[in-house]
Each structure stands twice: as structure tokens, then as C-alpha cells.
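Data first, discussion second: the structure below is written as C-alpha cells.
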Amino acid sequence: MQSKVSSSLPGKTANPLSALFNWRQYIVYIAFVGVLVYFAATLSDDGFLTTYNLLNIVRQTAIISIMAVAMTFVMSASEIDLSIGSIAALSSLTSALALDADFGIIGATVAGLGTGFVIGLINGLLVTKVVIPSFLVTLGMMGIAKGLAMWVTATAPVPILDKTFVYLFGSGDVGSVPILLIWTVVIVFAGHVLLRKTAFGRRTLATGGNPSAAAFSGVNVSRIKLYVMIGSGMLAGLAGMLYAGRMHAGRYTFGEGDELSVIAAVILGGTSLFGGVGTVIGTLIGSLMIGTINNGLIIMGLDVSQQMIVKGLIIILAVAFGRKAVSR
């Protein structure tokens with residue numbers, strides 16, 4: 020069955036020479052190095068290359084990177100999830116409330132991941148069974164989840180006093196290595212293997228590339244889309260727990276605007292907005308590049324609004340180049 024799917028998956032026949040020098044495979048790495056060199060040269064006297072600042076970039080981008088791994092699968096399947104930031108906010112609160120009710124770390128983990136699972140399941144069922152476009156489903160769910168996050172605690176934060184939870188989910192260090200970096204490496208590695216080395220990954224790419232041909236080859240397209248939406252919800256739930264651990268509280272404001280950063284990282288990394296092409300490693304580099312740009316702009320004195328303009332421009336340019344590549 021696996022060989023049947025692999026041999027008959029849709030795709031454009033490419034010239035071997037052009038495939039070898041496919042710019043989309045390498046441009047994000049070149050751009051990332053260019054960004055590092057630029058900020059290192061212009062901000063050399065402002066501490067950009069210090070160990071403290073570089074680790075700070077890792078901490079700032081870790082949660083975005085984790086959500087972006089899930090978004091890579093979603094977009095590879097030609098779907099999108101706009102509810103991830105709101106899921107993260109709600110999950111931060113459900114895990115914090117579980118700790119406050121003395122359910123312990125296990126209870127808090129079940130609450131946080133369970134929140135993401137349930138919302139991801141609802142999103143997936145609405146997309147696959149009711150056949151509503153994922154853009155509309157998750158846009159509506161973004162409002163629902165954010166409203167629930169505001170309502171469940173009347174917009175008040177829920178402090179987290181459990182030191183073990185705080186250590187494991189965001190604030191701890193293993194030696195000099197931030198725990199957030201460890202979480203990122205584990206999730207990125209697992210996502211890369213799942214997308215590149217397993218039948219599920221191949222079927223996800225086939226589903227996004229040509230769902231009709233994939234279904235003809237024996238791929239359960241609806242099931243694949245359901246699974247990637249559930250996975251997106253659960254990793255958004257984990258992101259909420261990491262927010263809560265890092266900030267020592269659950270808050271409804273966590274995750275605001277993360278959709279823009281996550282989508283920018285995924286597209287910039289080489290995953291096609293139109294499905295069928297995905298790379299988890301590229302997504303990580305895209306996330307790090309956006310984090311590096313944000314960090315550099317902050318050191319240069321630019322405010323949040325100007326950073327949002329830059330991220331918006333990055334998305335537009337990345338999609339434009341991606342569409343040009345697809346048309347070829």
C-alpha cells in the first residue's frame with residue numbers, strides 16, 4: 020500500500036538540473052545568514068552577538084517554532100489554522116486552573132493538551148465532514164477560543180506557583196541550555212521525521228498537492244486533514260503551557276498575533292501556501308530568521324507596530340515568490 024501511494028503521488032516532473040539548484044530549497048538559509056551578518060555588523064557595539072542575546076532570541080522564537088511545526092503539516096495538506104494563538108491562550112488558562120485546583124502537573128498537562136485536542140478535533144470535523152473551508156472554520160474558532168479564555172477567568176490572570184511546572188514548561192535551564200530550546204529541538208526533530216520519513220508525511224504532502232489523485236491512490240484525504248488539524252490544536256495547547264510556564268501564569272492575552280508570525284515562518288521556510296510542499300527544518304530557520312529580525316529591530320529602537328509591518332512584508336514577498344515557483 021505504501022509503495023502504491025509513493026509511486027503514484029501527484030507532482031510535477033522537474034528537470035533534474037533545475038531540481039538540483041531549486042532556489043526555494045536554499046534561499047531561506049542564505050537569507051538567514053545574510054540577516055545575521057547584517058545585524059552582527061550594524062549592531063556589533065550593542066551586544067547583538069552576545070551569548071545572552073542569542074539565547075534570548077532562542078527563547079523568544081521557541082514557542083512560535085513549535086506552533087509552526089504543526090502549521091507546516093496543516094499547510095502542506097493545503098489547509099490553514101488561524102486559531103492557534105487563541106488555543107494557546109485558552110490552554111495556558113486551563114493548565115493554570117488545573118494546577119490551582121491541585122490536579123498536579125499531570126492534570127495540568129492533560130488540561131492544556133486536551134484543550135488543544137478538543138478544539139483541533141472540532142476544527143478538523145468541520146473542515147472534513149461539514150466541508151467548511153479551514154480559513155473560515157479557524158477564523159471563527161479564533162474568536163470562540165479567545166472569548167472563552169476571557170470569560171473563564173473574567174480576563175484575570177491565573178498565577179502558577181508550582182515550581183516544577185514552571186521549570187519544565189518554559190523557565191528552566193538544563194545546565195546553560197534553556198528548556199525551551201530542548202522542547203523546540205524535540206518537536207522539530209519529531210516533525211521532520213514524521214513529514215519526511217513516514218507514510219503519514221508522504222500522504223500529507225500528496226493530500227495537499229493533488230487530493231483527487233491522492234484519494235485515487237488510496238489515501239484517506241479526510242482523515243489526513245483531520246489528523247493535521249488535531250495536531251495543530253495539540254501543539255498550540257503545548258505552546259500555551261509553555262507560555263504559562265515561562266510567564267508563571269495563564270493569561271488570555273498569550274498568543275495574540277502569533278498566527279502572523281507562525282504563517283510567516285512556515286512560508287518563509289519554503290512550505291507552499293497552496294499545499295503539497297513542506298519542510299520542517301526550513302520552518303525552523305524561517306522562525307529563527309523572523310525572531311532575529313525582531314530582535315535586531317528592537318535593539319535598533321523600532322517598536323512593535325513597525326515589527327508587524329516587517330512581518331507582513333515578509334509574508335507577501337514569500338507568498339509571491341512561492342506562487343512564481345509553483346507557476347513554473
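Residue numbering for the sequence shown is 20 to 347, as defined by my numbering.
Virtual Cβ for every residue (Gly too), placed ideally from N, Cα, C.
In this structure D100 touches S251 by the C-beta definition: roughly 5 Å separates them, less than 8 Å. Uninterrupted beta strand (DSSP E) stretches at least 3 residues long and entirely within the segment 166 to 205 do not occur. Between G104 and G305, the C-beta gap is not smaller than 9 Å, which leaves the two residues out of contact. Shown here for L279: same chain residues with a beta carbon closer than 6 Å to its own, the five before and five after excluded, namely K330 in chain order. Taking C-beta atoms as the reference points, V177 and D119 count as a pair closer than 9 Å.
Note that the C-beta distance between L187 and I179 is not below 9 Å.
Straight-line spacing of the CA atoms in G133 and M253 works out to 7 Å. The bridge partners DSSP lists for A268 are P178. Within the model, the alpha-carbon separation for H267 versus I300 is close to 30 Å. Between L287 and V47, the gap from beta carbon to beta carbon is short of 9 Å. A straight line joining the alpha-carbon of L73 with that of M327 spans about 21 Å. For secondary structure counted as the alpha helix (DSSP H) over 4 or more consecutive residues, the segment 106 to 133 holds no complete run. Nearest to L167 by alpha-carbon distance, out of V238, S102, A339, I282, is S102.
By the CB criterion at 9 Å, A258 and M86 fall inside the cutoff.
Between G310 and Q79, the C-beta spacing is below 9 Å. Apart from sequence neighbours up to five positions away, the residues of its chain that approach V156 with a beta-carbon distance below 6 Å are N142, L145, V146, ordered along the chain. The three-state reading of DSSP puts F293 in coil, since its state is none of H, G, I, E or B. Each residue's CA atom was taken as its position, placing F184 and G269 some 12 Å apart. The beta carbons of S84 and A284 sit closer together than 9 Å. Bounds of any alpha helix (DSSP H) do not take in T298, whose DSSP letter is neither H nor E. Selection Q325, T69, L303, I243 evaluated against I206 yields L303 as nearest (Cα-Cα). Taking 8 Å as the upper bound for CB-CB distance, L261 and W202 are in contact here, some 7 Å apart. The Cβ neighbour count for V88, taken over all protein chains shown within 10 Å, is at least 16; the residue is labelled buried. Cα atoms of H211 and A263: separation of roughly 26 Å, rounded to the nearest angstrom. Only residues of its own chain outside the window of five on either side were considered, and among them F136, G139, L140, G143 have a CB closer than 7 Å to the CB of I249, listed in chain order. Around the beta carbon of T290, 16 or more other beta carbons sit within 10 angstroms, so the residue counts as buried.
Residue range 70 to 95 is occupied by the alpha helix (DSSP H) that includes N75. G274 places its beta carbon less than 9 Å from that of I106. With 16 or more other Cβ atoms inside 10 Å of its own Cβ, L245 counts as buried. Within the segment 217 to 289, the runs of alpha helix (DSSP H) that reach at least 4 residues and sit entirely inside it are, in chain order, 218 to 228, 230 to 235, 240 to 266, 277 to 287.
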